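Using the numbering used here, the letters of the sequence shown correspond one by one to residues -13 to 396. The beta carbon of each residue, even a glycine, is placed where N, CA and C say it ideally should be. Please read these numbers as outputs of a predicted model, since none were measured by experiment. Notes for the one structure printed next.
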Amino acid sequence: MPDYRSHVDGARVLADLNALRAIGAYKTGVHKPTFSEPHIRSLHWLAQRLPEAGLTAEIDGIGNVLGTSAKQGPKLLAGSHLESQNYAGWLDGPLGVVYALEAARVINCDPNVPGAVEVAAWCDEEGHFGSFLGSRSYVGGVTEAEIDTARDRSSGKAMRDALREADLTGRPRTNCERGRHIGYLEAHIEQGQTLESSGLKIGVVTSIVGIWQYRIAFTGEQNHAGTTRMADRRDAGLALARFCVEIDNRFPASCGPRTVWTTGRITLDPGAPSIIPGGAEMLFQIRDDDPDVIARLEQLLRGMAADVSAQDRCTVAVECIRTGAPALIDASFQHAIEAASTACAGGKSIRMPSGAGHDAQVLATVMPSAMLFVPSIGGISHHWTENTDDADIVTGAEVYVDACRRLLKG
């Protein structure tokens, strides 16, 4: 088989990533929240480069960038996202977009490869306005009513206002054309230490966790912090703190081997030092790739809430505000990535689940989907110190492009 690795221009891949890094730069990372000026500039940056790969570029009405090909033959969809978490890393998202762009540049002009790579940058994978809004819109999972009510989690800005300011109002939202693509391939930094600590170069993703999120509200009695005796208090903040400890005490007996849970935000009402909180709220998340495990933990969570409420000190209400089904990765796509790793990375790969959510799990509901990981230095992500060695980035690009070629050739 001919060696196509030389067709990948490693310097071009790194230059593209650094060009995106310069848009919305923050320390060594970026601050590029959804629909911010740097995010919109990044979308236009990509749209201007897609013609280099023989693709027609479009930015749709929800902020997805899509590059489509008129080339005959099978089509492989490839991509990731361009926005970031607040004050976060430079590779989470853009790595997968630039790999897809490079694959399209290399493959779409190769007469020995049938078909083409089409490129997508999905909007708001990071969830500033919702959950995987761009990819869910593409598969028909977002209503106009959801857009009407969506607000930025940090500023409270209405999504309709953000779309208008980004000059996206009135544009149609692109829907998936069923049967057009043989599947979807996404690359990402690992966001963990498995690859780096094992001296490996490629993670072949086997499954992507589902994410369930809950709002847990505690209602007690607001009162004076100096005159209310401890025995008489109905302190919602204290009830919340005890509940968090109880979760860590009771969940391990019911969880799976890779279950994780996080209390990501706590608020107290009214939040003053001289007032006993009459209300408290926590945003709580559970991740696992087994829905049965999640169902068991949710039942436990609700039972714990009922126990607290029955004590007549504070009442607890559990509301599920987000569900995300896990995704199993297509076996033939996994095989293609492993074969590409053997050819381009000395076989230094491992099959592994993804503990983070990705657009690939949304695309998996309508087409075969797969992911590959490259190492993260120190396992750090969602922070401006996030980084990957340049050599590992280039190796990942070579594996990615080779995997795309194998998938299109069948």
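Collapsed DSSP secondary structure at residue i in the structure displayed
i, result
"THR249", "strand"
"THR54", "strand"
"LEU32", "helix"
"LEU269", "strand"
"ASP(-5)", "coil"
"HIS67", "strand"
"GLY59", "coil"
"GLY365", "helix"
"GLU372", "coil"
"MET(-13)", "Its pLDDT being 36, under 50, MET(-13) is placed unreliably in this model, and the coordinates cannot settle the point."
"THR42", "strand"
"VAL16", "strand"
"ALA11", "strand"
"ASP221", "coil"
"ASP234", "helix"
"ALA416", "Outside the modelled stretch of the chain, which goes from -13 to 396, sits residue 416, for which no answer is possible."
"LEU3", "helix"
"ILE261", "strand"
"ASP378", "helix"
"ASP96", "coil"
Integer-rounded CB distance, given that residue j should sit under 8 Å from residue i
i, j, result
"ASP217", "GLY206", "In the sequence under discussion, the amino acid at residue 217 is Ala, which differs from the Asp named in the question. Actually they are not in contact, since the Cβ atoms of ALA217 and GLY206 sit about 14 Å apart, beyond 8 Å."
"LYS430", "TRP247", "In the structure as shown, the chain starts at -13 and stops at 396, and residue 430 therefore has no counterpart that could be examined."
"HIS114", "ASP345", "Not quite, the Cβ-Cβ distance comes to about 15 Å (not below 8 Å), so this is no contact."
"ILE175", "THR374", "6 Å"
"GLN271", "GLY242", "With a Cβ gap of about 15 Å, GLN271 and GLY242 do not count as contacting."
"LEU62", "LEU393", "6 Å"
"PRO339", "ARG273", "Wrong, their Cβ atoms sit about 10 Å apart, outside the cutoff."
"SER193", "LEU314", "5 Å"
"SER28", "ILE48", "Actually they do not touch by this definition, with Cβ atoms about 15 Å apart."
"LEU77", "GLU372", "6 Å"
"VAL(-1)", "ILE379", "7 Å"
"LEU186", "SER335", "6 Å"
"VAL348", "VAL125", "6 Å"
"ASN72", "ALA106", "Going by Cβ atoms, the distance from ASN72 to ALA106 rounds to 24 Å, so no, they are not a contact pair."
Beta-carbon proximity check, residue i vs residue j, cutoff 9 Å
i, j, result
"ALA389", "ILE323", "yes"
"GLU132", "GLU69", "no"
"TRP108", "SER117", "no"
"GLY178", "ARG337", "no"
"GLY65", "TYR170", "yes"
"ILE252", "GLN208", "no"
"ALA281", "PHE204", "no"
"GLY396", "ALA311", "no"
"LEU154", "ILE45", "yes"
"GLY264", "ARG220", "yes"
"ALA173", "LEU81", "yes"
"PHE229", "ALA291", "yes"
"ALA74", "SER362", "no"
"VAL92", "VAL387", "yes"
"ALA43", "ALA56", "no"
"ALA211", "PRO277", "no"
"GLN199", "LEU269", "yes"
"ARG146", "ASP138", "no"
"ARG308", "ASP96", "no"
"GLY364", "GLU182", "yes"
"VAL385", "ALA331", "yes"
"VAL279", "SER240", "yes"
Residue i: CB within 8 Å of a non-hydrogen atom of the ligand ZN
i, result
"ILE262", "Only the bare structure without any ligand can be found here, which leaves the ligand ZN out of the picture."
message = To test your reading of the DSSP string, which unbroken alpha helix (DSSP H) runs of 4 or more residues are found completely within the stretch 274 to 360?
response = Within the stretch 274 to 360, the complete alpha helix (DSSP H) runs of at least 4 residues are 277 to 296, 317 to 330, 345 to 349.
ask   = Is the number of C-beta pairs between the stretch 38 to 49 and the stretch 81 to 91 that are closer than 8 Å three or more?
value = yes
query = Where in the stretch 185 to 219 do unbroken runs of the beta strand (DSSP E), each at least 3 residues long, occur, reported from the N-terminal end onward?
reply = 188 to 194, 196 to 205
task = Could I get the ranges of all uninterrupted beta strand (DSSP E) runs contained in the stretch 101 to 177, with 3 residues as the minimum, in chain order?
result = 102 to 108, 167 to 175
query = Quick check: the stretch 155 to 162 against the stretch 296 to 305, are there 3 or more CB pairs under 8 Å?
reply = no
inquiry  = When you compare the stretch 97 to 104 with the stretch 18 to 25, are there three or more beta-carbon pairs, one atom per stretch, that lie closer than 8 Å?
reply    = no
ask   = Are the stretch 285 to 293 and the stretch 324 to 334 touching by the rule of at least three beta carbon pairs closer than 8 Å?
value = No, they do not touch.
ask   = Just checking, does the stretch 162 to 174 make contact with the stretch 345 to 364 on the three C-beta pairs under 8 Å criterion?
value = Yes: the two stretches touch, three or more of their Cβ pairs being nearer than 8 Å.
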